[in-house]
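The numbers in the numbering used here rise by one with no breaks, and the one at position 379 of the sequence shown is 445.
Where is the CB? At the ideal position from N, CA and C, for every residue including glycine.
Below is one structure, written out as structure tokens; the observations come after it.
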Amino acid sequence: MYTPVIILRTTSNCNMKCSYCYDKNKLKNEENPDILFKNNINNIIQYINRLSSIGGGSDRKIILHGGEPLLIKSDTYKNFFEELLNSGGKCSISVQTNGTLLDMDYINIFKKYNIHIGISLDGCDESSNACRLYADKKNTFSDVYNKINLLKEYNIDFGIIMTINKNLINREKELYSFISNNNLKCSIRPAFPTKCNKEIIMSASEYEAFFINLYKIWSNDISKKIKLKQIEDLYQEMRKALDDNYRTHFCSDSKSCFGNFFALDVYGELYACNRSFYNKKFYYGNINYISDKEILEKAKKLKESRCFSVLNSRCQECELLKNCFGGCPAIAEGIYDSLCAIEDSFCKAKIGINKYIKKDLEKSGSIEKYNKYIQQNNHIT
């Protein structure tokens, strides 16, 4: 039995115009996303409960996504959470937001219902955050940074997702200091490549150099002020280079992403993931008119097609096959117009990063000392 993660596309509207957004050419202009969501709460809960049980589990795991999910009013979310929690078993809810619309009303509700908050912020200042702009092209860094401090003031559970792009090349020390000085839980990832944002995407060699430099800074930091998610990310890179039995849990590194994740909107439209929304190749159908059997069969077909492509490619000879499994199918489709394309933009970078860290850790005593540090500080659970 398993419980799939449901990515609920609360709205396709957004109050920002990020230059690298993989979704920017697909976003709709819903006249009033809050009213639309409010009028569909009962249907949405039925969709969630049905999809959650499709793997035989009883729990529910939901990510509120968009567009920008805080275009839905706080009172609407309050009603949604109440009805959702009263409709079934355990429920784990998180929200992924750009943070610009966050206020005390949202904070109070998210705290009351134990909602984890993910905030998007790129880098350590306006220049490194230059891709994340309002519609009027104003930089969002100062507004989001103030909202982060507000979350810290009220002890709200949150983490930062930083999308790394060319604006951060050669700025690893500044970024590390910013994360450390602000005591942030942080996940760092390269921008999702598409055909229309190539000018801002790091090349494989640039990303490899960036990550290795960041790792060097971290490994030489005696105080180890950077905590939790960021250390976990680095730890995962190290462990998967040395331990064949270790597996990361990122959807992009899994051959089982199909069926383990579902992306759903307020109309009941169902896709493989949020990255693939409006792409017919990843479309399961409208949940109102498709059976559980049909959903599982389509997910299985996508998985088998992807697995066949990976296992009959040069990936078979790669040392990272068990950990990468050909990379993200949505990236393959976004770049090469083919679900069966294998090598993604960062394939060579992944190999280079793992080789460097493996070599570094194989030096006398380093892996033992690191594992002892992790155990003592309970950073990995």
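Buried or exposed (CB count within 10 angstroms, at least 16 for buried), residue i
i: Ile288; result: exposed
i: Tyr86; result: buried
i: Phe374; result: exposed
i: Tyr273; result: buried
i: Gln162; result: buried
i: Asp331; result: buried
i: Ser357; result: exposed
i: Gly393; result: buried
i: Tyr68; result: exposed
i: Glu265; result: exposed
i: Met170; result: exposed
i: Ala257; result: buried
Residue i, enclosing alpha helix (DSSP H) - first and last residue
i: Val210; result: Phe207 to Glu219
i: Gln112; result: Ile107 to Ser118
i: Arg372; result: Asp358 to Leu377
i: Phe276; result: Ala270 to Ser285
i: Thr142; result: Ser140 to Leu151
i: Leu130; result: Not the alpha helix (DSSP H): Leu130 falls in the beta strand (DSSP E), residues Arg126 to His131.
i: Tyr349; result: No alpha helix (DSSP H) holds Tyr349; the beta strand (DSSP E) holding it covers Tyr349 to Asn352.
i: Ile245; result: Glu238 to Asn247
Simplified DSSP assignment, three categories, for residue i
i: Lys429; result: coil
i: Ile72; result: strand
i: Pro259; result: coil
i: Met67; result: coil
i: Arg341; result: helix
i: Ala196; result: coil
i: Cys87; result: coil
i: Arg313; result: Bear in mind that a pLDDT of 38 at Arg313, under 50, signals an unreliable position, so the model cannot answer this.
i: Gly400; result: helix
i: Ile185; result: strand
i: Lys177; result: helix
i: Cys381; result: helix
i: Phe412; result: coil
Run of the beta strand (DSSP E) containing residue i, from where it starts to where it stops
i: Gly225; result: Phe224 to Ile230
i: Tyr333; result: That residue, Tyr333, is in no beta strand (DSSP E); it is neither H nor E in DSSP.
Residue i CB to nearest heavy atom of the ligand ZN below 6 Å
i: Asp209; result: Only the bare structure without any ligand can be found here, which leaves the ligand ZN out of the picture.
For residue j and residue i, believed in contact at Cβ under 8 Å, the rounded distance
i: Glu192; j: Asn205; result: 5 Å
i: Met228; j: Cys252; result: 6 Å
i: Gly165; j: Leu234; result: Rounded, the Cβ-Cβ distance is 19 Å, inconsistent with contact.
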